[in-house]
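Read top to bottom, the protein sequences are chains A, B, C, D, E and F.
The opening position of the first sequence corresponds to residue 1 in the working numbering, with each subsequent residue numbered one higher.
The opening position of the second sequence corresponds to residue 1 in the working numbering, with each subsequent residue numbered one higher.
The opening position of the third sequence corresponds to residue 1 in the working numbering, with each subsequent residue numbered one higher.
The opening position of the fourth sequence corresponds to residue 1 in the working numbering, with each subsequent residue numbered one higher.
The opening position of the fifth sequence corresponds to residue 1 in the working numbering, with each subsequent residue numbered one higher.
The opening position of the sixth sequence corresponds to residue 1 in the working numbering, with each subsequent residue numbered one higher.
Glycine included, each C-beta is placed from N, C-alpha and C at the ideal position.
Please read the structure below before turning to the comments.
There are 6 protein chains.
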Amino acid sequence: MSGEERTIVGPPAGRDQPRFAGFRTFAKLPRRQDVERCDIAVLGAPFDSASSFRPGGRFGPAAVREASMLLRVHNHALGVSPYAVAQVVDAGDAPASPVVPELGFAAIEAAAAELTREGARVVGIGGDHSVTLPLLRAADAARGPLGVVHFDAHTDTDDAAYGSRYTHGTVFRRAVEEELVDPRRAVQIGLRGTRFSDTALEQSAQLGYRQILAQGLDVEAAIATIREVVSGPTYVSIDIDVLDPAFGGLSSTPEIGGLTTRELLALLHGLAAPGIEIVAGDVVEVTPPYDPAGLGALAGANLAFELISLIALQR
Amino acid sequence: MSGEERTIVGPPAGRDQPRFAGFRTFAKLPRRQDVERCDIAVLGAPFDSASSFRPGGRFGPAAVREASMLLRVHNHALGVSPYAVAQVVDAGDAPASPVVPELGFAAIEAAAAELTREGARVVGIGGDHSVTLPLLRAADAARGPLGVVHFDAHTDTDDAAYGSRYTHGTVFRRAVEEELVDPRRAVQIGLRGTRFSDTALEQSAQLGYRQILAQGLDVEAAIATIREVVSGPTYVSIDIDVLDPAFGGLSSTPEIGGLTTRELLALLHGLAAPGIEIVAGDVVEVTPPYDPAGLGALAGANLAFELISLIALQR
Amino acid sequence: MSGEERTIVGPPAGRDQPRFAGFRTFAKLPRRQDVERCDIAVLGAPFDSASSFRPGGRFGPAAVREASMLLRVHNHALGVSPYAVAQVVDAGDAPASPVVPELGFAAIEAAAAELTREGARVVGIGGDHSVTLPLLRAADAARGPLGVVHFDAHTDTDDAAYGSRYTHGTVFRRAVEEELVDPRRAVQIGLRGTRFSDTALEQSAQLGYRQILAQGLDVEAAIATIREVVSGPTYVSIDIDVLDPAFGGLSSTPEIGGLTTRELLALLHGLAAPGIEIVAGDVVEVTPPYDPAGLGALAGANLAFELISLIALQR
Amino acid sequence: MSGEERTIVGPPAGRDQPRFAGFRTFAKLPRRQDVERCDIAVLGAPFDSASSFRPGGRFGPAAVREASMLLRVHNHALGVSPYAVAQVVDAGDAPASPVVPELGFAAIEAAAAELTREGARVVGIGGDHSVTLPLLRAADAARGPLGVVHFDAHTDTDDAAYGSRYTHGTVFRRAVEEELVDPRRAVQIGLRGTRFSDTALEQSAQLGYRQILAQGLDVEAAIATIREVVSGPTYVSIDIDVLDPAFGGLSSTPEIGGLTTRELLALLHGLAAPGIEIVAGDVVEVTPPYDPAGLGALAGANLAFELISLIALQR
Amino acid sequence: MSGEERTIVGPPAGRDQPRFAGFRTFAKLPRRQDVERCDIAVLGAPFDSASSFRPGGRFGPAAVREASMLLRVHNHALGVSPYAVAQVVDAGDAPASPVVPELGFAAIEAAAAELTREGARVVGIGGDHSVTLPLLRAADAARGPLGVVHFDAHTDTDDAAYGSRYTHGTVFRRAVEEELVDPRRAVQIGLRGTRFSDTALEQSAQLGYRQILAQGLDVEAAIATIREVVSGPTYVSIDIDVLDPAFGGLSSTPEIGGLTTRELLALLHGLAAPGIEIVAGDVVEVTPPYDPAGLGALAGANLAFELISLIALQR
Amino acid sequence: MSGEERTIVGPPAGRDQPRFAGFRTFAKLPRRQDVERCDIAVLGAPFDSASSFRPGGRFGPAAVREASMLLRVHNHALGVSPYAVAQVVDAGDAPASPVVPELGFAAIEAAAAELTREGARVVGIGGDHSVTLPLLRAADAARGPLGVVHFDAHTDTDDAAYGSRYTHGTVFRRAVEEELVDPRRAVQIGLRGTRFSDTALEQSAQLGYRQILAQGLDVEAAIATIREVVSGPTYVSIDIDVLDPAFGGLSSTPEIGGLTTRELLALLHGLAAPGIEIVAGDVVEVTPPYDPAGLGALAGANLAFELISLIALQR
């Protein structure tokens with residue numbers, strides 16, 4: 001992100017247009033094609049055909065955009081107005097096939113890679129968690145293995161499921177195998193729930209991930225651990241089910257006993273640290289058909305704004 | 001609408017982009033600012049502060065756009081592919097104040113008038129039925145009083161309510177008083193429900209409106225009546241509550257005993273007649289918070305497509 | 001209902017109070033205790049502990065009252081403004097025990113009997129269909145066996161279920177046995193759905209009920225049959241599931257293939273006939289927890305208004 | 001289906017068990033493994049990864065089974081108590097991979113083929129409409145090309161979509177190409193809605209399908225056409241979206257202007273004709289997350305019961 | 001509130017009437033017109049036409065009354081049975097025009113002022129937060145500027161929005177300007193969320209409000225602050241969105257990261273302090289159409305009961 | 001539970017069957033009749049006719065089973081894979097009459113007693129809380145008065161309601177009177193909410209129950225208290241409304257200010273203590289019609305798994 005003189009196009013002022021009116025780009029930001037260049041790009045990854053239980057995440061980007069109408073422009077906790085210091089755009093949705101997963105992944109990777117080549121940092125909006133793999137591939141091309149801060153109820157380090165090695169439950173194993181992620185610089189936070197076996201957690205730890213469980217979570221200690229483990233170019237992946245279902249953690253596989261939004265916001269604010277350079281991230285698993293009060297979409301929109309703010313803060 | 005050579009921009013092919021992906025312009029049509037000129041413009045009128053019962057119509061345009069993702073491009077019954085023969089655009093939402101109704105009406109009129117001046121025919125998406133008045137004013141400026149085909153459970157010819165002469169229940173009285181509508185060329189179809197007094201229907205008839213009740217409706221006879229009464233430049237206003245609540249007639253003031261979607265589609269197809277020139281129209285009162293299955297939004301999107309098709313057919 | 005001079009208290013004028021404001025008595029009518037006497041009384045029977053499948057009908061009266069806020073005062077089809085020609089009141093809810101059915105029935109009968117003794121004709125709002133039995137007992141005391149027009153998907157003439165002879169499926173057998181109903185003057189309309197045996201319909205016919213099936217229903221023919229069979233003092237019982245689930249027939253045991261609201265309204269209007277004296281009636285089985293769009297409550301409120309209108313018309 | 005002496009196991013009597021209690025096999029029928037042999041088998045096909053719009057059909061079988069608790073045992077219109085004349089079972093769900101469509105199809109075909117080999121006629125419960133292809137393959141093995149009665153808003157005869165030739169929109173083209181279906185003995189009923197091009201309907205007709213549109217549908221004429229066209233071993237496929245969304249036609253791609261349940265029931269009853277031998281069928285596209293009132297599931301359960309009844313009637 | 005001998009009319013005993021039965025006055029309390037005088041009055045303010053995002057608050061009073069059926073009569077934490085020590089009534093709804101905001105405000109002020117003149121302390125039920133201004137005007141007439149305890153996600157101290165100086169976002173600026181509130185005795189609690197600018201919080205602080213943010217909230221410290229700042233005649237305004245959306249904070253503009261109900265109850269119990277005299281209060285922004293589980297209404301009913309209890313405790 | 005050699009049948013491996021497929025026994029466990037003997041039995045108690053407010057708990061067992069599809073097999077916090085060390089089965093639903101409560105209770109007691117005689121420990125799934133009485137009777141027969149850990153917002157120690165001594169609010173008084181419970185070994189946890197009188201809590205304490213309020217709950221202290229008070233054969237009853245409504249505490253009588261799922265899980269894990277032998281338990285009051293996001297069912301399934309795990313741990 002260079003510092004040359006240029007005009008930044010932000011959302012229309014609330015005074016000009018009621019918040020409920022207008023096209024549903026994320027936060028009413030300009031589309032990618034409406035501006036010459038961009039620093040940060042929101043990219044929809046409407047793909048849910050690698051989910052093992054409830055589908056519907058394909059409508060996550062639309063729901064998050066709708067909920068983003070409620071967002072304002074200033075992040076008080078982080079002290080930044082991201083749209084004022086960076087050109088943020090909505091790059092639309094990757095045209096991901098729902099029927100042929102490999103085509104779906106390729107479309108997401110291509111869309112993210114193009115934005116990355118243009119100099120943008122991509123904040124992906126899923127879609128089920130499998131979309132993180134193509135997003136990581138795109139983010140990673142020029143940066144070497146990335147650190148990861150992975151908020152989730154699940155480790156997502158299974159080897160395969162239902163005949164496929166590419167599902168929403170295998171992405172963080174594949175990411176290590178493909179050397180997209182440096183697991184020594186990676187933390188998984190919010191883990192909980194029933195497990196497929198007594199070694200499920202260990203398998204992830206053996207890959208190298210540091211683990212922080214939801215039960216007994218101490219926010220300050222967790223931030224300290226993150227800052228200790230994670231450094232350098234980093235990817236932040238937020239599975240909405242890191243949140244308790246009460247707070248909108250209504251993913252394809254929700255788990256009780258999760259985090260509150262206050263805890264998650266505090267953890268994210270803790271990522272504003274000198275050694276951590278967020279190069280991309282995502283908010284995934286918002287699953288609108290199972291979210292009657294729109295809590296997941298509302299949380300998702302706010303969490304995307306936090307990621308954008310963290311990236312903008314680095315400028 | 002002239003016939004000179006020019007390129008028409010339609011929606012992206014379904015092959016290029018899954019229907020659930022992409023920005024939510026109506027039917028994925030280009031925005032007004034994305035093309036040089038337009039023949040037909042969809043305009044959101046997200047205003048519901050003149051509704052007497054259930055609010056929420058301000059989210060009607062967004063819900064109709066979301067449902068329009070399901071629309072394809074060809075109208076079989078009318079034999080027309082409207083986006084191929086006319087430049088149809090989504091002109092976004094008029095920035096209507098929800099707090100100061102007169103400002104709201106002014107914003108809607110201004111947005112519609114600008115499109116009309118550019119040569120476009122406007123299909124408005126409400127919002128409560130009060131938005132028809134500014135839309136009529138804009139449509140009418142250059143055309144003299146218009147004929148009207150008004151689909152509704154209610155006559156909307158009250159004089160005033162709750163201290164205002166401008167509500168969703170007074171619009172067709174005001175339209176006559178302002179000489180926007182020629183009531184001798186106007187039909188109201190689908191009337192039913194309890195009434196405020198035994199003269200409620202008469203008051204509307206005294207203004208000049210021909211009336212067709214829902215109870216005992218005969219589709220063929222109704223089409224004959226419409227064609228007999230209506231002629232010349234005509235405005236078509238569809239209050240979603242002309243439909244039975246079962247079929248999505250979940251307006252701010254729903255009434256049982258309404259039309260089926262098959263009946264309403266047949267009536268609309270009957271408007272494709274030599275003497276009727278549709279210069280503008282609207283679909284109003286889709287009220288998403290009271291529409292858990294999205295039936296009103298789905299019907300609204302299809303009805304807007306029928307209006308667009310009817311206008312395109314005239315080219 | 002005598003004809004002496006007296007003041008009738010109706011709902012407040014819509015001009016004085018928005019329809020969404022104010023206490024939720026039925027149609028904003030006065031409570032029983034607010035006026036000296038009454039001609040027609042709406043009585044809630046919030047009892048659902050004799051339902052064989054979905055409970056929730058205990059909240060039917062509250063939901064019908066809430067939906068009745070949408071009702072206006074004039075019945076156009078019947079040509080009557082009932083609150084102007086009769087003192088109509090909301091008599092509140094019978095305090096029916098949900099745990100001890102016999103106490104529940106007794107409370108309903110007592111409340112209805114008291115109103116009947118005061119000269120009022122009672123329009124009951126259920127509650128599951130078992131509440132019709134105590135309502136019939138109260139209506140019947142002074143009038144001998146009544147004719148019945150029974151709108152329902154089911155005959156409700158089982159002998160017993162789940163250890164009880166008093167359930168929502170046995171009420172029209174008990175009513176014959178208790179000589180509350182004269183089955184030679186009784187019609188059941190809207191019957192359909194799967195049956196417990198191949199003789200289910202016959203058993204009801206053997207009790208004497210004339211039967212009109214939903215499949216192949218002809219409204220005019222049905223009215224003719226009703227007028228042929230039914231005469232004298234008559235009870236009209238409307239199980240909301242006579243309507244198709246699409247139109248709000250979301251009772252404790254809904255059945256597909258039901259009537260439309262237009263058909264049901266037409267049938268009810270056909271009851272305005274010289275030989276039929278409606279002495280009481282009910283609308284039952286509105287089951288709010290299974291009615292996300294409120295269609296059953298809206299239909300229920302309108303149907304109660306039709307019953308009130310029919311009774312008022314007889315004055 | 002042989003006629004030897006044997007005991008048939010039906011559902012428990014309603015007297016023994018309240019309808020809301022007990023395991024959720026279809027209509028509380030025995031599971032396949034609970035009886036020695038079976039004549040008719042309900043088979044869940046919980047697969048929705050070939051749907052082009054709304055997913056969620058994978059929960060269709062569970063929702064249909066839940067709604068089937070309301071079913072009783074006798075079909076009055078057809079005059080048959082199917083569980084008394086045929087051993088009907090619930091064969092559970094095919095373990096269809098949601099991530100690898102080809103594995104999903106194979107699992108469905110294998111499960112249906114095994115039942116067919118055992119002499120059972122299979123009534124499949126989808127799942128999106130793509131599941132009809134493996135069900136047809138299984139049904140067809142020993143019978144040669146089948147006649148088809150196909151109830152649907154769509155022809156489902158596209159060639160490909162989103163990179164795949166096997167989607168819920170291509171199944172009836174593939175079925176002809178694979179010679180599973182004899183299109184000269186095939187009818188499509190209920191077609192309507194916007195189209196991808198002006199030749200969409202023709203393409204299906206060119207494959208040989210006779211077509212009956214929803215708009216202007218005449219039930220008696222449609223039955224006559226079906227009986228004229230269809231004969232011999234026949235497959236009946238019911239896409240729930242042949243119904244209007246109001247009546248539960250809430251598939252992955254719903255269309256307004258559809259059939260009522262009364263119309264569809266009458267059409268199905270018309271299939272009880274000498275020349276038509278129903279060898280298998282399905283009810284597909286029930287999509288629970290988009291069906292807040294459960295109308296699609298309720299219709300689906302009843303429609304499956306009608307298919308079972310039609311097959312039982314042939315014994 | 002005088003101490004003379006008189007009979008207090010409370011709700012009917014639960015033994016006499018099931019909680020789900022009976023008219024929906026708040027907590028089944030008598031209406032204003034049913035008793036001679038009153039000490040505490042619940043007043044509905046069903047007005048939502050000054051809301052900037054989601055409307056629907058006009059149905060807040062009805063939803064809160066419905067949820068209040070679950071309330072019992074004794075407040076254990078505060079040690080008071082308010083209906084036994086004070087005559088509490090439900091004064092119904094102010095007849096607020098939804099179309100002409102100034103008429104709406106006038107109606108609310110008039111209704112509250114009349115109750116205040118009669119000696120009652122008013123607990124208002126919104127409606128959007130703009131209703132607090134007329135409620136404050138009525139409460140303030142005889143008492144001079146009031147202290148304020150303001151629970152909210154937002155400061156509501158904007159100057160204007162959408163062409164109006166009187167919206168749900170400007171009320172606490174207007175209240176200072178009109179000298180209804182003494183900002184030196186005023187605290188705002190629960191502030192959070194994105195902001196329109198980096199000075200949004202400061203603008204409110206410059207008006208004089210003490211501010212307590214949701215993030216990092218310490219209940220004991222907050223109570224200490226309140227007791228330090230607030231004294232004398234005090235108004236307590238509870239915007240339901242002080243609660244996290246998870247706990248029912250589903251206002252017209254919900255914000256994640258909010259308070260739990262346990263925290264809010266503890267804070268309210270902290271208001272039972274010698275120096276704080278609560279003269280009136282409100283619970284606003286309950287927005288039923290966006291509250292599918294009724295959490296906001298349930299919380300609202302309980303919070304209103306807490307306000308009533310606090311006032312009753314002062315007697 | 002003996003230690004002899006035998007094969008344990010667990011759920012099918014997730015690899016063999018997608019989690020959303022297959023019959024809905026609890027956690028896909030075998031039915032009682034599918035295995036020779038069992039150690040732990042899940043028993044549905046679908047009875048809600050003794051509930052004082054919202055009915056619908058009769059569908060609790062079905063909803064909990066549906067949600068249990070999400071459960072995996074290993075309990076990490078307790079370190080046990082219960083289905084591997086004990087034969088756990090789903091014993092189906094007791095056929096409880098909804099119309100005659102005494103028959104309902106008898107059916108539940110009979111079903112539980114038979115399982116107990118067979119050596120199984122029963123985990124009941126309600127149903128309203130009244131089902132705990134017959135479950136306790138069955139559990140108690142051979143063990144003498146039991147200790148109780150009772151998680152609930154309410155004490156459920158009323159004497160009678162609505163004419164009955166057997167309701168969901170009287171069960172823990174009856175249990176003492178019938179000497180099923182030894183109140184000196186009994187704790188009630190999570191108490192809160194409005195009360196019927198100022199002595200409501202005391203009445204329960206006078207029966208002997210130790211009480212822990214929700215307000216100010218300290219998890220560690222609560223566990224210490226439980227371990228101090230409770231010992232020997234113990235029954236664990238979890239009313240879902242011990243949880244805050246936000247977390248799924250959507251019982252027939254929900255109360256704000258409740259526990260989080262993290263707190264409840266920690267408390268349950270604290271029951272794994274040497275002196276406490278859990279002989280049976282239940283999860284009651286899951287009320288699906290009032291639980292639009294399925295939070296109560298999801299919590300209920302997990303809580304039942306915790307009870308099963310605790311019992312399995314004792315082997």
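* Is residue 33/A buried or exposed, if buried means 16 or more other CB atoms sit within 10 Å of its CB? -> Here residue 33/A refers to the residue found at position 33 of the first sequence. Burial call: exposed.
* Taking residue 195/C as the reference, give the member of 22/D, 27/D and 178/D with the closest Cα. => What you label residue 195/C is simply residue 195 of the third sequence in a count that begins at 1. Of the listed residues, the one whose Cα sits closest to residue 195/C is 27/D.
* Asked: With a CB to CB cut of under 6 angstroms and the five nearest residues on each side skipped, what residues in its chain are close to residue 81/D?
  -> Position 81 of the fourth sequence, counting from 1, holds the residue named residue 81/D. Excluding residues within five positions, the ones whose Cβ falls inside 6 angstroms are 73 and 74.
* **Endpoints, the beta strand (DSSP E) within which residue 269/D is located** => Here residue 269/D refers to the residue found at position 269 when the fourth sequence is read from its first residue. Looking at the DSSP string, residue 269/D is not in any beta strand (DSSP E); the run it does join, the alpha helix (DSSP H), is 261–269.
* So, using beta-carbon positions, are residue 250/D and residue 296/D closer together than 8 angstroms? -> To locate residue 250/D, count along the fourth sequence from 1; it is residue 250. To locate residue 296/D, count along the fourth sequence from 1; it is residue 296. For residue 250/D and residue 296/D, yes; Cβs fall inside 8 angstroms.
* residue 186/D - partner residues in DSSP beta bridges -> As a position in the fourth sequence, residue 186/D is number 186, starting the count at 1. DSSP output for residue 186/D lists 148/D as bridge partner(s).
* Among residues of its own chain, excluding the 5 on either side of residue 83/A, which ones have a beta-carbon nearer than 6 angstroms to its beta-carbon? -> Here residue 83/A refers to the residue found at position 83 of the first sequence. Hits under 6 angstroms: 10 and 73.
* Check whether the Cβ atoms of residue 128/B and residue 48/B sit closer than 8 angstroms, and answer yes or no. => Working through the second sequence from its first residue, we reach residue 128/B at position 128. Working through the second sequence from its first residue, we reach residue 48/B at position 48. Against a cut-off of 8 angstroms, the Cβ pair of residue 48/B and residue 128/B comes out as a contact.
* Asked: For residue 244/E, which three-state DSSP category applies?
  -> Working through the fifth sequence from its first residue, we reach residue 244/E at position 244. Coil at residue 244/E, not helix or strand.
* Quick one: give me the first and last residue of the beta strand (DSSP E) that residue 14/C is part of. => Reading the third sequence from its first residue, position 14 is the one you call residue 14/C. Neither: residue 14/C is in no beta strand (DSSP E) and is coded neither H nor E.
* Pairwise C-alpha distance: residue 112/D and residue 13/F -> The sequence position of residue 13/F within the sixth sequence is 13, counting from 1. The sequence position of residue 112/D within the fourth sequence is 112, counting from 1. Using only the alpha carbons, I get a separation of about 22 angstroms.
* In the DSSP assignment, find the beta strand (DSSP E) that holds residue 210/A and state where it starts and stops. => Taking the first residue of the first sequence as position 1, residue 210/A is located at position 210. Per DSSP, residue 210/A belongs to the beta strand (DSSP E) from 210–213.
* Run the CB neighbour count on residue 199/C, radius 10 Å, all protein chains shown included, and call it buried at 16 or more, exposed below. => Looking up residue 199/C in the third sequence gives position 199. Residue 199/C comes out exposed.
* **Beta-carbon proximity list for residue 207/F, same chain, < 7 angstroms, skipping 5 on both sides** => The residue labelled residue 207/F in the question sits at position 207 within the sixth sequence. Excluding positions up to five away in sequence, the list reads 157, 173, 176 and 183.
* Spell out the partners DSSP gives residue 234/C in its beta bridges. => Counting from one through the third sequence, the residue named residue 234/C turns up at place 234. For residue 234/C, which the question treats as bridged, DSSP gives the partners 147/C and 278/C.
* **Under 7 angstroms (Cβ pairs) to chain A, residues found in the stretch 213–245 of chain D** => none
* Closest to residue 204/C by CA distance: which of 152/C, 222/C, 217/C and 232/C is it? -> Locating residue 204/C in the third sequence gives position 204, counting from the first residue. Considering only alpha carbons, the answer is 152/C.
* Asked: Sorted by chain position, which residues of the same chain lie with C-beta nearer than 6 angstroms to residue 104/C's C-beta, five sequence neighbours on each side aside?
  -> The sequence position of residue 104/C within the third sequence is 104, counting from 1. These residues qualify, in order along the chain: 47, 96 and 97.
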